[in-house]
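First the structure, in the form of structure tokens, and then the observations on it.
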Amino acid sequence: EFRVWDVVNSRMVYSVGIFPSGEVMMPMDYVAEISSKSARAMMENAFGIQDDTNTPVLMQYIGIKDSRGNKIFKGDICRGSSMEDTTTGSFEEVVWLGEVKWSIEGGKWIIDFGEEQDDAYDCVATEKVVGNIYEGTSL
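If you want our numbering, it's the 1-based position in the sequence shown plus 109.
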């Protein structure tokens, strides 16, 4: 299952198809909804007719859901937290945000927290999707 960030229209599109060649097929109701000029540019970019600066960005569902039951896709931003012991003997909540990515080295989906990374499959019980790298830029 895939979704696409439509660079031309700055919108997330769900239920996209993928041709065997790897080209993206947008849902017809979405193509009909946007202007014909915009649709033409988007389809030309998807089929490699124009340069790739406006090519739709493909994001794969990684096969797991977050703690609230939401599907997790490449490019999602996940929020997690844990209670950690402080030097005074009390506990405080530590919150972190991380991006879902594919690790070529590890051959697995990870959540990248910047200085460290965790296996995405180990984190899903406590993580929540709070946005993605395209729509949640303020995160």
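Note that beta-carbon positions come from the ideal geometry of N, C-alpha and C, so glycine has one too. All figures in this text were calculated on a predicted structure; none of them were measured in a lab.
Of the candidates Pro165, Arg177 and Phe222, Pro165 places its Cα closest to the Cα of Tyr243. If you draw a straight line from the Cα of Glu214 to the Cα of Gln226, it is about 12 Å long. Within its own chain, no residue has a Cβ closer than 7 Å to the Cβ of Asp231 once the five positions on either side in sequence are excluded. With contacts defined as CB atoms closer than 8 Å, Phe222 and Gly207 qualify as a contacting pair. By the Cβ-count criterion, Met135 is buried, with 16 or more other Cβ atoms from all chains shown falling within 10 Å of its own Cβ. Between Lys183 and Trp211, the beta carbon gap of about 6 Å places them in contact (Cβ cut-off 8 Å). Met192 counts as exposed, since fewer than 16 other C-beta atoms from the protein chains shown sit within 10 angstroms of its C-beta.
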